[in-house]
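J.:
There are 2 protein chains.
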Amino acid sequence: MTRVVGVIGGGQLARMMTPPALNLGLEIYVLAQNSYESAKIAISELGSHTDPDAVLAFARECDVVTFDHEHVPQEVLAVLTDAGVNVQPHPQALLFAQDKLAMRTRLAELGVPVPGWARVQSPAELDAFIAEYGSRAVVKTARGGYDGKGVRVVSSAAEVSEWFADLTGDDALLAEEFVTFRRELAQQIARTPSGETRVWPVVETVQENGVCSEVISPAPNAAGRIETVAADIALTIAQGLDVTGVLAVELFETEDDRVLVNELAMRPHNSGHWSIDGALTSQFEQHLRAVLDLPLGLTTPLAPWTVMVNILGGPLSGDLDGALARAMREYPEAKFHLYGKEPRPGRKIGHVNVVGDDLAATVAVARGAAGFFQD
Amino acid sequence: MTRVVGVIGGGQLARMMTPPALNLGLEIYVLAQNSYESAKIAISELGSHTDPDAVLAFARECDVVTFDHEHVPQEVLAVLTDAGVNVQPHPQALLFAQDKLAMRTRLAELGVPVPGWARVQSPAELDAFIAEYGSRAVVKTARGGYDGKGVRVVSSAAEVSEWFADLTGDDALLAEEFVTFRRELAQQIARTPSGETRVWPVVETVQENGVCSEVISPAPNAAGRIETVAADIALTIAQGLDVTGVLAVELFETEDDRVLVNELAMRPHNSGHWSIDGALTSQFEQHLRAVLDLPLGLTTPLAPWTVMVNILGGPLSGDLDGALARAMREYPEAKFHLYGKEPRPGRKIGHVNVVGDDLAATVAVARGAAGFFQD
Numbered sequence: 001m002t003r004v005v006g007v008i009g010g011g012q013l014a015r016m017m018t019p020p021a022l023n024l025g026l027e028i029y030v031l032a033q034n035s036y037e038s039a040k041i042a043i044s045e046l047g048s049h050t051d052p053d054a055v056l057a058f059a060r061e062c063d064v065v066t067f068d069h070e071h072v073p074q075e076v077l078a079v080l081t082d083a084g085v086n087v088q089p090h091p092q093a094l095l096f097a098q099d100k101l102a103m104r105t106r107l108a109e110l111g112v113p114v115p116g117w118a119r120v121q122s123p124a125e126l127d128a129f130i131a132e133y134g135s136r137a138v139v140k141t142a143r144g145g146y147d148g149k150g151v152r153v154v155s156s157a158a159e160v161s162e163w164f165a166d167l168t169g170d171d172a173l174l175a176e177e178f179v180t181f182r183r184e185l186a187q188q189i190a191r192t193p194s195g196e197t198r199v200w201p202v203v204e205t206v207q208e209n210g211v212c213s214e215v216i217s218p219a220p221n222a223a224g225r226i227e228t229v230a231a232d233i234a235l236t237i238a239q240g241l242d243v244t245g246v247l248a249v250e251l252f253e254t255e256d257d258r259v260l261v262n263e264l265a266m267r268p269h270n271s272g273h274w275s276i277d278g279a280l281t282s283q284f285e286q287h288l289r290a291v292l293d294l295p296l297g298l299t300t301p302l303a304p305w306t307v308m309v310n311i312l313g314g315p316l317s318g319d320l321d322g323a324l325a326r327a328m329r330e331y332p333e334a335k336f337h338l339y340g341k342e343p344r345p346g347r348k349i350g351h352v353n354v355v356g357d358d359l360a361a362t363v364a365v366a367r368g369a370a371g372f373f374q375d
Numbered sequence: 001m002t003r004v005v006g007v008i009g010g011g012q013l014a015r016m017m018t019p020p021a022l023n024l025g026l027e028i029y030v031l032a033q034n035s036y037e038s039a040k041i042a043i044s045e046l047g048s049h050t051d052p053d054a055v056l057a058f059a060r061e062c063d064v065v066t067f068d069h070e071h072v073p074q075e076v077l078a079v080l081t082d083a084g085v086n087v088q089p090h091p092q093a094l095l096f097a098q099d100k101l102a103m104r105t106r107l108a109e110l111g112v113p114v115p116g117w118a119r120v121q122s123p124a125e126l127d128a129f130i131a132e133y134g135s136r137a138v139v140k141t142a143r144g145g146y147d148g149k150g151v152r153v154v155s156s157a158a159e160v161s162e163w164f165a166d167l168t169g170d171d172a173l174l175a176e177e178f179v180t181f182r183r184e185l186a187q188q189i190a191r192t193p194s195g196e197t198r199v200w201p202v203v204e205t206v207q208e209n210g211v212c213s214e215v216i217s218p219a220p221n222a223a224g225r226i227e228t229v230a231a232d233i234a235l236t237i238a239q240g241l242d243v244t245g246v247l248a249v250e251l252f253e254t255e256d257d258r259v260l261v262n263e264l265a266m267r268p269h270n271s272g273h274w275s276i277d278g279a280l281t282s283q284f285e286q287h288l289r290a291v292l293d294l295p296l297g298l299t300t301p302l303a304p305w306t307v308m309v310n311i312l313g314g315p316l317s318g319d320l321d322g323a324l325a326r327a328m329r330e331y332p333e334a335k336f337h338l339y340g341k342e343p344r345p346g347r348k349i350g351h352v353n354v355v356g357d358d359l360a361a362t363v364a365v366a367r368g369a370a371g372f373f374q375d
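Chains as they are written, first to last, in the numbering used here: chain A, 1 to 375; chain B, 1 to 375.
The structure is reproduced here in structure tokens:
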């Protein structure tokens with residue numbers, strides 16, 4: 001019997017799970033809200049990820065259910081587990097990717113290095129935190145943030161007064177130390193329900209306006225302590241939180257040589273897109289193997305360097321066909337990934353991967369190829 | 001507007017075109033006879049490739065139409081071209097992959113090295129041919145043969161008497177010299193309507209019972225004369241026959257050091273499956289680029305050696321899931337490709353690719369991984 005992997009959410013991550021699902025002889029079913037979403041080829045049901053009936057009906061057709069995003073409410077996930085659905089990662093693990101306060105609390109228990117932080121329920125608590133850590137702090141809503149949304153750097157609680165006003169009951173905001181970092185890193189790991197784990201090389205990520213723009217794999221000058229620390233952190237988190245599937249740990253490398261955990265994602269992640277063309281087993285194939293509790297594949301790089309550059313919609317990026325053809329002509333070595341999404345300014349609509357022996361040349365090709373889509 | 005590539009036929013070649021179509025931001029539509037076929041995820045219409053109405057209705061939804069197999073009748077192809085459908089490769093080119101007598105005639109005109117051959121319409125003509133070339137000959141039906149079907153080695157015309165009996169009108173059989181070969185090679189090339197071409201390294205292919213079983217890329221000991229001759233032959237054929245898309249040229253390397261053309265396939269081909277994991281641009285991505293007249297990608301190998309071993313259905317190969325899990329555990333470096341087909345003895349149901357630095361070790365891993373599916 002062909003095994004069916006169900007993916008809740010029809011975005012580009014579900015789309016990019018489709019090629020390895022086909023390779024491995026699997027079927028992939030997607031629950032999406034709209035028929036035109038990025039993963040449209042695999043959509044088997046239309047419905048909302050917040051509708052327990054729709055999600056359960058979808059899940060009953062699948063051997064395992066996993067996710068394109070982290071927005072499925074815990075109440076809906078509970079309906080699935082109560083019905084005996086095989087959900088990977090487990091809702092208890094996924095909670096830590098959904099709730100930043102829960103995540104910080106659990107990471108502190110595990111002894112994982114994190115920026116200074118506090119749970120703040122009032123402007124007074126936040127102002128006290130700011131005073132403790134100098135002149136400013138990062139404030140995050142516990143839930144719902146992504147790509148820089150729900151995150152604000154402030155020097156006074158007054159700058160997030162409306163977030164405090166929106167808090168109800170026992171809700172709180174997360175206040176974090178403003179970390180002066182040398183660079184950002186990301187460490188990906190896959191873990192199966194049986195407990196097998198494999199890490200990819202730690203990568204360097206570059207963000208612009210809170211959105212990932214480039215990834216270099218492996219992170220330059222990370223061999224030795226940094227790569228070991230990053231892999232150890234990811235393993236500690238994956239095991240400590242009982243994560244299954246792919247886990248991405250976003251990290252700060254600080255000016256004073258610490259490695260601190262910034263964010264978690266329990267799914268394939270932008271920081272791992274390089275692996276589609278740059279590693280023996282991509283994050284998408286590994287995620288499928290992991291959620292099915294199949295043995296994991298080697299993550300060995302296929303070249304000394306892989307560089308990923310995101311393609312963001314620009315003001316004039318309507319002619320994707322033309323841009324693709326021009327970029328292909330100029331850069332026959334580039335691997336293009338387009339997500340079938342309408343280009344809107346700043347929206348991630350694809351990425352370019354380039355493998356190479358020389359880092360500077362590889363970066364130049366990847367930027368050059370992605371640049372054609374900005375016209 | 002997202003471009004739509006239409007593929008006639010729902011087999012594993014259409015299935016394997018789907019991942020690169022997704023990568024490149026394309027839509028892929030498949031016309032298949034049955035909803036359970038290998039490329040089911042991309043099936044948009046059910047219908048026969050011999051039904052001109054069904055094929056035309058399908059084709060009108062597509063920006064370009066290409067093929068999973070070579071069995072679409074010329075009469076049906078004429079309906080498409082008469083209606084202005086963009087068909088790649090062109091029917092005039094495809095004819096040479098459909099009709100072995102037409103192919104041999106045209107290759108002879110182009111001066112491409114081929115085994116001795118003759119068009120034979122009677123047992124007497126065949127017996128004369130056999131006498132001319134020694135004690136035996138290869139006899140082929142002009143149309144309809146694949147994977148060893150429609151091919152027979154004979155020492156007397158009596159051994160194909162029923163084929164002669166089936167001939168009507170001006171039909172004929174193809175008689176060919178029985179070539180004593182050292183090994184078989186295959187040369188793949190892609191060509192766009194604009195005339196751009198790119199070749200992959202010439203590969204060595206091993207057949208068992210007329211079916212491809214292993215491919216080694218590049219062919220060992222082919223650097224220099226052999227690789228140059230093979231690439232020149234493929235380029236001459238691609239240009240001379242006005243082929244677009246991917247062309248596979250099956251070759252004999254003879255005991256007396258000649259390189260002779262055996263068969264042609266105008267589509268991605270088993271001899272190129274290694275390229276999915278072993279080349280910067282796979283045959284499937286290149287075929288899509290070519291039929292859309294997009295610039296072609298580099299075909300650079302990703303490792304010194306890539307070995308492909310086919311997975312054939314065996315007498316006990318019902319438990320594919322178990323075989324896959326066991327093979328993955330033993331060989332985490334192997335890339336598995338399963339086609340979603342019911343295993344039947346001798347049926348191609350998948351393949352394994354392995355890349356490596358050492359040929360003997362790479363062969364051993366690929367055979368070992370594929371071997372799990374034979375139990």
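Glycine is no exception: its CB is placed at the ideal position from the N, C-alpha and C atoms.
All of these numbers come straight from a predicted model, not from anything done at the bench.
Quick one: Cα of Glu-176(A) to Cα of Val-114(A), how far?
T.: Roughly 9 Å between the two C-alpha positions.
J.: Are Val-363(B) and Gln-88(B) close, meaning C-beta to C-beta below 8 Å?
T.: Against a cut-off of 8 Å, the Cβ pair of Gln-88(B) and Val-363(B) comes out as no contact.
J.: Considering just the uninterrupted stretch of the beta strand (DSSP E) at Leu-336(B), what are its terminal residues?
T.: Looking at the sequence provided, one finds Phe at residue 336(B) rather than Leu. Its beta strand (DSSP E) spans residues 335 to 338.
J.: In the DSSP assignment, find the alpha helix (DSSP H) that holds Ile-237(A) and state where it starts and stops.
T.: 225 to 240 is the extent of the alpha helix (DSSP H) around Ile-237(A).
J.: Under 9 Å, CB to CB, which of the residues in the stretch 97 to 122 of chain B have a partner in chain A?
T.: Answer set for the stretch 97 to 122 of chain B: empty.
J.: What are the start and end residues of the beta strand (DSSP E) that includes Ser-217(A)?
T.: Looking at the DSSP string, the run of the beta strand (DSSP E) that includes Ser-217(A) is 211 to 217.
J.: Examine chain A for any beta-carbon lying closer than 8 Å to the beta-carbon of Thr-244(B), and answer yes or no.
T.: Not one chain A Cβ lies under 8 Å of Thr-244(B).
J.: Buried or exposed: where does Thr-180(A) fall if 16 or more other Cβ atoms within 10 Å of its Cβ makes it buried?
T.: Per the 10 Å Cβ criterion, exposed.
J.: With 7 Å as the limit, tell me which residues of the stretch 40 to 60 of chain B have their beta carbon closer than that to any beta carbon of chain A; keep them in chain order.
T.: So the close ones are Ile-41 and Ala-42.
J.: List the residues of chain A whose Cβ lies closer than 8 Å to the Cβ of Phe-392(B), in chain order.
T.: The requested residue 392(B) is not part of the displayed model; chain B covers only 1 to 375.
J.: So that I know if they touch, is there some Cβ in chain A lying closer than 8 Å to that of Thr-362(B)?
T.: No, its Cβ sits nowhere closer than 8 Å to a Cβ of chain A.
J.: Do the CB positions of Ile-8(A) and Phe-67(A) come within less than 8 Å of each other?
T.: For Ile-8(A) and Phe-67(A), yes; Cβs fall inside 8 Å.
J.: Please tell me whether, using a cut-off of 7 Å, the distance from the CB of Ala-230(A) to the nearest non-hydrogen atom of the ligand FMN is below it.
T.: In terms of ligand content, the structure shown is empty, and the ligand FMN therefore cannot be addressed.
J.: Just curious, the beta strand (DSSP E) that His-351(A) is in, first and last residue?
T.: It spans 348 to 356 - the beta strand (DSSP E) in which His-351(A) sits, taken as one unbroken run.
J.: Can you tell which of Ala-366(A), Asp-277(A), Glu-250(A) and Arg-152(A) has the C-alpha that lies nearest to the C-alpha of Val-259(A)?
T.: Nearest option by C-alpha distance: Glu-250(A).
J.: Just to confirm the assignment, what range does the beta strand (DSSP E) spanning Glu-400(B) have?
T.: With chain B represented from 1 up to 375, any question about residue 400(B) goes unanswered, as that position is not in the structure.
J.: Taking the alpha carbon of His-381(A) as the point to measure from, which residue in Pro-91(A), Asp-63(A) and Asp-82(A) has its own alpha carbon closest?
T.: A query on residue 381(A) cannot be resolved here, the shown segment of chain A reaching from 1 to 375 and no further.
J.: What residues in its chain sit with their C-beta under 8 Å from that of Gly-318(B), if we drop five residues either side in the sequence?
T.: These residues qualify, in order along the chain: Pro-343.
J.: Counting only C-beta atoms, is Leu-312(B) closer than 8 Å to chain A at any point?
T.: False, the Cβ-Cβ gap to chain A never drops below 8 Å.
J.: Can you list, in chain order, the residues of its chain with a C-beta nearer than 6 Å to that of Gly-313(A)? Leave out the 5 residues immediately preceding and following it.
T.: Here the set comprises Pro-343, Arg-344, Pro-345, Arg-347 and Ile-349.
J.: Quick check on the burial criterion: 16 or more other C-beta atoms within 10 angstroms. Buried or exposed for Glu-109(B)?
T.: Exposed, because fewer than 16 other Cβ atoms sit within 10 Å of the Cβ of Glu-109(B).
J.: So is Gln-98(B) buried or exposed if we call it buried at 16+ other beta carbons inside 10 Å?
T.: By the 10 Å Cβ count, Gln-98(B) comes out buried.
J.: Please list, in chain order, the chain B residues whose beta carbon lies closer than 7 Å to that of Thr-18(A).
T.: Correct list: Leu-22.
J.: Around the C-beta of Asn-221(A), are 16 or more other C-beta atoms found within 10 angstroms, so that it is buried, or is it exposed?
T.: Per the 10 Å Cβ criterion, exposed.
J.: Could you tell me how far apart the beta carbons of Val-391(B) and Ala-186(B) are, in whole angstroms, since I believe they sit closer than 8 Å?
T.: Any question about residue 391(B) goes unanswered here, given that chain B covers just 1 to 375.
J.: Quick check on Val-309(A): does DSSP put it in helix, strand or coil?
T.: DSSP places Val-309(A) in strand when its eight states are reduced to three.
J.: Thinking C-alpha only, which one of Asn-353(B), Tyr-339(B) and Leu-320(B) is nearest Pro-332(B)?
T.: Out of Asn-353(B), Tyr-339(B) and Leu-320(B), Asn-353(B) has the C-alpha closest to the C-alpha of Pro-332(B).
J.: Ignore the nearest five residues each way along the sequence and tell me which others in Gln-33(B)'s own chain have a CB closer than 8 Å to its CB.
T.: The residues are Gly-10, Leu-46, Gly-47, Ser-48 and His-49.
J.: Of the residues Ser-275(B), Arg-136(B) and Lys-335(B), which one's Cα is nearest the Cα of Thr-300(A)?
T.: Selected option, being the one with the closest Cα: Lys-335(B).
J.: For the stretch 48 to 90 of chain B, which segments carrying the alpha helix (DSSP H) assignment without a break, of at least 4 residues, lie completely within its bounds, in sequence order?
T.: Taking only runs of at least 4 residues, the alpha helix (DSSP H) segments lying wholly in the stretch 48 to 90 of chain B are 52 to 59 and 74 to 82.
J.: Using beta carbons (cut-off 8 Å, strictly below), is Glu-333(A) in contact with chain B?
T.: Taking Cβ atoms only, chain B reaches closer than 8 Å to Glu-333(A), which makes this a yes.
J.: So the candidates are Ala-238(A), Leu-280(A), Asp-358(A) and Glu-255(A); which of them puts its Cα closest to the Cα of Met-266(A)?
T.: Minimum Cα distance to Met-266(A) is reached at Ala-238(A).
J.: Would you tell me roughly how many angstroms separate the C-alpha atoms of Val-139(B) and Arg-152(B), rounded to the nearest one?
T.: Computed Cα separation, rounded: 5 Å.
J.: I want to see whether chain B comes within less than 8 Å of Pro-89(A), judged by CB atoms only; does it?
T.: Chain B contact via Cβ: absent.
J.: By DSSP's criteria, Trp-117(B) is part of a beta bridge. Which residues make up the other side?
T.: The partner list for Trp-117(B) (beta bridge, DSSP) reads Glu-176(B).
J.: What does DSSP give as the partner residue(s) for Lys-140(A) in the beta ladder?
T.: Answer is Val-151(A) and Leu-174(A).
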